[in-house]
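Protein chains: 2
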Amino acid sequence: MPSPYNLEVEYNCGECRVRAERLFCNMGEPAVQALDAVKFTGLYPKGSLLFVEGEEPRGIFILCSGRAKLTTSSTEGKTLIVKIAEPGEVLGASATILGKPYEVSAETIEPSQLNFVKRDDFLKYLNTHAEACLHTAQQLSEKYHSAQREIRSLGLSQTTSEKLARLLLDWCDRGGELTAKGIRLKVLLTHEEIAQMIGTTRETVTRLLSDFKKKKMIDVKGSSLFVLSRPQLEHLVSV
Amino acid sequence: MPSPYNLEVEYNCGECRVRAERLFCNMGEPAVQALDAVKFTGLYPKGSLLFVEGEEPRGIFILCSGRAKLTTSSTEGKTLIVKIAEPGEVLGASATILGKPYEVSAETIEPSQLNFVKRDDFLKYLNTHAEACLHTAQQLSEKYHSAQREIRSLGLSQTTSEKLARLLLDWCDRGGELTAKGIRLKVLLTHEEIAQMIGTTRETVTRLLSDFKKKKMIDVKGSSLFVLSRPQLEHLVSV
DNA sequence: CCCGCCCTGTGATCCCCATCACCCGAACCC
DNA sequence: GGGTTCGGGTGATGGGGATCACAGGGCGGG
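Protein chains in written order, with the numbering used here: chain B, 20 to 258; chain E, 20 to 258.
Below is the structure:
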């Protein structure tokens, strides 16, 4: 099958190979088939806006592959990246359920496959499929959980280096690759975006990273970031 | 019926007068009766710890009356108040659903009635009562929504006065009483607690409040706080 | 090839607010 | 009545980081 953006596309949830690994999608046949019936599969290039903060909820997006950043921004143009969504996550569920405006914006940062379900269809689906409802509750719990982590990081950190250290440690836990040189992280974000993740400025991120380098805690080679001394990083984090 | 702490107690959800107003409890007969069968009603004085951050989830608490503060704290002893929970809210649901440790601590700040449901019972209840599951999803959506607001406030505010102004405006929206002198708020929190809500120090809150007073934006009489000029407060808030 | 754009790196400056230190009044309780 | 505790009010000080300004480097596109 020809697939744009070099994406492996799976149009049929029933045949999806990775379904079992996905918190939400891992449901029994009836629920999956019913989902297949109402969803619209879409392919999106990097930088696609799925929905915008404040907009009335049109429905939910299930992130099948790729990644998306969830952001919120002030009228002054300052932007905060709330979360980088990974495959398997459901985007826009809370707003869709409550019928309130989306509380964040969602934008793909890689070519991505997403399954869209219209609001009415989704609500009907939840009402008729208890299993889907349960999985949605789990998804929402996860989302709340990670929002809570973000709150801790933003509210309890004393200094900006603590926030940055916490972010790096977070990355180690979820995508670190062990090498001889230390834990290798692929950094696909610019300093600007890292700054937006921890609520600071681009310059400060640059300065802190080179400070970490000077102290031999990390090393940067191209888009790879090596964590040389995890203990030192942890030492910066109080909480 | 004799009731400790001057609380009106309702032991029977089926007969609860305010049930219809409560997002979660407003369910049909079967779901309510099943809830009645597994819940334990408890009365708690001010300052009761319902659960503690990091603890394995024992179950959920439904806040029938009273209020509770949800907090998270660093090892250094710094505390952040994440939310003041109001009657009708379900506490500890996300941790209970995921089987992960509670992500916040919950402590009553008024004498409160709470209905407790053990984890296993709650999970069974969700599995057998689709309506309850749907209402739980709504509850979780609400929680996520308010967490998102908190993230915005913590991450996007430029200054502390902005955060404080935002908090006051929030209070106006949810519990303001219109009087000739302006919007009256009953402040039941100490400066210390206000500081913990916006991630700053007690001294700064004191200074900012007296600054606001000097600028005739607010006035304080005992535990009443009058918002004299809402527009001026809004002007401090950029987002 | 060279121009423009985006990302990174760094210096200088300034100000907000955390921190420490102390005082005061009110409530509370031996 | 005299401690004691708790909440509120204020001054002095210092540092962290936002802000502004500019320089270099990689990279794509005309």
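The beta carbon of each residue, even a glycine, is placed where N, CA and C say it ideally should be.
*Residue closest to Thr127(B), alpha-carbon to alpha-carbon, out of Ile81(B), Asp192(B), Val239(B) and Leu197(B)*: In terms of CA proximity to Thr127(B), Ile81(B) leads the group Ile81(B), Asp192(B), Val239(B) and Leu197(B).
*Over the uninterrupted beta strand (DSSP E) stretch that includes Lys88(E), give me the two end residues.*
Note, Lys88(E): beta strand (DSSP E), Ala87 to Ser92.
*Taking only beta-carbon atoms, is Gly218(E) less than 8 Å away from chain B?*
For Gly218(E), the answer is yes, since a Cβ of chain B falls inside 8 Å of its Cβ.
*Pull up the distance between the alpha-carbon of Ala184(E) and that of Val256(E), whole angstroms please.*
Spanning the two alpha carbons is a distance of roughly 7 Å.
*Quick one: which residues of the stretch 200-224 of chain B get their C-beta closer than 8 Å to a C-beta of chain E? List them in chain order.*
Taking 8 Å as the Cβ-Cβ cut-off against chain E, the residues of the stretch 200-224 of chain B that qualify are Gly218.
*Counting only the same chain and skipping the five closest in sequence on each side, list residues whose C-beta sits under 6 Å from that of Glu129(B).*
So the qualifying residues of the chain are Lys65, Gly85 and Arg86.
*So, is His254(B) buried or exposed, given that buried needs 16 or more other C-beta atoms within 10 angstroms?*
Residue environment for His254(B): exposed (fewer than 16 other C-beta atoms within 10 angstroms of its C-beta).
_Nearest-angstrom Cα separation, counted from Glu150(E) out to Ala50(E)_ = For Ala50(E) and Glu150(E), the gap between their C-alpha atoms comes out near 7 Å.
*Cα-Cα separation between Gln177(E) and Gln177(B), rounded to whole angstroms*: Approximately 16 Å between the Cα atoms of the pair.
*Closer than 8 Å by beta-carbon distance: list the chain E residues that pair up with Asn146(B), in chain order.*
Neighbours of Asn146(B) on chain E, chain order: Ala149 and Leu153.
_chain E within 8 Å of Lys97(B), Cβ atoms only_ = Yes, Lys97(B) lies at the interface with chain E (some Cβ there is under 8 Å from its Cβ).
*Which one or two residues does DSSP pair with Phe245(E) in a beta bridge?*
In the DSSP assignment, Phe245(E) is bridged to Arg203(E) and Asp238(E).
*Measuring only between beta-carbons, confirm whether Lys137(E) sits less than 8 Å from chain B.*
Lys137(E) is outside the set of residues whose beta carbon lies under 8 Å from a beta carbon in chain B.
_Could you give the first and the last residue of the continuous beta strand (DSSP E) run that contains Ile103(E)?_
Thr98 to Ala104 is the span of the beta strand (DSSP E), which, as asked, contains Ile103(E).
*Return the CA-CA distance between Ser243(B) and Thr155(E), expressed in angstroms with no decimal places.*
If you take the alpha carbons of Ser243(B) and Thr155(E), they lie about 42 Å apart.
*Please specify which runs of the beta strand (DSSP E), each continuous and at least 3 residues long, are wholly inside the stretch 138-210 of chain B, giving them in chain order.*
For secondary structure counted as the beta strand (DSSP E) over 3 or more consecutive residues, the stretch 138-210 of chain B holds these complete runs in sequence order: 196-198 and 201-205.
*So Leu69(B) is in the beta strand (DSSP E); what residue range does that whole segment cover?*
Start and end: Leu68 to Phe70.
*Which of the residues in the stretch 31-51 of chain E, read from start to end, lie with their CB under 7 Å from any CB of chain B?*
Under the 7 Å Cβ criterion, the stretch 31-51 of chain E contributes no residue.
*Please go through the same chain and pick out, in chain order, the residues whose beta-carbon is closer than 7 Å to the beta-carbon of Met46(E), but skip the five residues on each side of it.*
Here the set comprises Glu150, Ala151 and His154.
_Using 8 Å for Cβ pairs, my map puts Ser131(B) next to Thr90(B). What's the rounded Cβ distance?_
The Cβ separation is near 16 Å, so there is no contact.
*When the cut-off is 8 Å and only beta carbons count, does His254(E) lie next to chain B?*
Closer than 8 Å: no.
*In three-state terms, what does DSSP make of Thr127(B)?*
In this structure, Thr127(B) counts as strand in the three-state DSSP scheme.
*Whether Leu187(E) touches Ile217(E) by CB criterion (8 Å)*: For Leu187(E) and Ile217(E), no; Cβs fall outside 8 Å.
*Look at the alpha carbon of Phe231(B) and the alpha carbon of Ala214(B), and state the distance between them as a whole number of angstroms.*
Roughly 15 Å between the two C-alpha positions.
*Of the residues that make up the stretch 161-174 of chain B, which ones have a beta carbon closer than 8 Å to any beta carbon in chain E?*
Of all residues in the stretch 161-174 of chain B, Glu161, Lys162, Tyr163, His164, Ala166, Gln167, Arg168, Glu169, Ile170, Arg171, Leu173 and Gly174 have a Cβ within less than 8 Å of some Cβ in chain E.
_Once the 5 residues before and after Lys58(B) are set aside, which same chain residues still bring their CB inside 6 Å of it?_
Contacts found: Asn134 and Val136.
*May I ask you to list, following chain order, the residues of the stretch 102-118 of chain E that have a beta carbon less than 8 Å from some beta carbon of chain B?*
The stretch 102-118 of chain E vs chain B, Cβ under 8 Å: Ala112, Ser113, Ala114, Ile116 and Leu117.
*Assign Tyr63(E) to one of two classes, buried (16 or more other C-beta atoms within 10 Å of its C-beta) or exposed (fewer than that).*
Buried, because 16 or more other Cβ atoms sit within 10 Å of the Cβ of Tyr63(E).
*Give a yes or no on whether the minimum CB-CB distance between Leu183(E) and chain B is below 8 Å.*
No, its Cβ sits nowhere closer than 8 Å to a Cβ of chain B.
*Terminal residues of the continuous alpha helix (DSSP H) containing Thr219(E)?*
Careful: Thr219(E) lies outside any alpha helix (DSSP H) and carries neither H nor E.
*asked:* I'd like to know if Gln251(E) contacts chain B, where contact means its C-beta is closer than 8 Å to some C-beta of that chain.
replied: Answer no: the Cβ-Cβ gap between Gln251(E) and chain B never drops below 8 Å.
*Taking the C-alpha atoms as reference points, what is the distance between Ala104(B) and Gln158(B)?*
Rounded to the nearest angstrom, the two C-alpha atoms are 12 Å apart.
_Whether Ile79(B) touches Ala39(B) by CB criterion (8 Å)_ = In this structure, Ala39(B) does not lie closer than 8 Å to Ile79(B) by Cβ.
*asked:* If you reduce the DSSP assignment to three classes, tell me which class Val57(E) lands in.
replied: It is helical.
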